[in-house]
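Quick note, the sequence shown lines up with residues 1 to 145 if you use the working numbering.
Let me begin by presenting the structure, written as structure tokens, before commenting on it.
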Amino acid sequence: MRYVFVQNFQINEDQKSLVGSLQVLKEWEVFRDHFPGFPILPGALILEAMAQHTVVLMLQKKPALEEVVPTLVQIERAKFVEPVIPDCLLTIQVLEEAVMYPNFKYSCEALLGGRPVASARLTMSFRKMPAGAGLDFLKFFLGGN
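Have a look at this one:
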């Protein structure tokens, strides 16, 4: 199963924050085993959704010709307040806290109906990509290739 959690997003004019939405569907394979009779979205996948949304902001600052891959390097203060169950709309908010290229620090929050359900502080980095890999991450998230 592919875990692509960037569905819809809006980047703030200053390109320092983003709000995205993720339709969490009961058909997702992960809900068969996590947990039978009480399906919840694993916290690791909520963190992955946050990280993928930070990549959208990171790509706004990437030099066009530089072949790099966005990488999660640190998770701080991860907190899960309430379970995320299937058939809901999860809102992901990302705020850039600091940039020291190629490193980026973001505060992230996941919300259901305006209520915070999870939060974390993520450090991301651009790492050199092998020559010729040529993966367009935004196209990968949005187009699936």
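Backbone N, C-alpha and C define an ideal beta-carbon position, used for all residues, glycine too.
F80, DSSP secondary structure in three states:
strand
F126, DSSP secondary structure in three states
strand
What are the residues that DSSP puts in a beta bridge with A118?
F80 and A110
Any C-beta of chain B under 8 Å from that of E27:
The chain inventory of the structure shown lacks chain B, comprising one protein chain alone.
Within a Cβ cutoff of 6 Å, which residues of the same chain sit near M129, ignoring the five residues on either side of it in sequence?
E67, V68 and V69
L89 and Q15 look like a contact to me (Cβ under 8 Å); what is the Cβ gap, rounded to whole Å?
No, L89 and Q15 are not in contact; Cβ-Cβ is about 24 Å, not under 8 Å.
From W28, V99 and S107, pick the residue whose C-alpha is nearest to that of E76; which is it?
S107
Whole-number beta carbon distance between K26 and P86, since they are thought to touch under 8 Å:
4 Å
Checking the sheet assignment: what are the DSSP bridge partners for E96?
Y106
If we count Cβ pairs, one from each stretch, closer than 8 Å, do we get three or more for the stretch 7–14 versus the stretch 30–44?
no
Close-in-space but distant-in-sequence residues of the same chain around G144 (CB under 8 Å, 5 per side omitted):
Caution is warranted here: a pLDDT of 48 is assigned to G144, below 50, making its placement in the model unreliable, and no coordinate value can be reported.
Residues sharing a beta bridge with P42, DSSP:
Beta-bridge pairing links P42 to no other residue.
Return the bridge partner residues of I11 from the DSSP annotation.
L18
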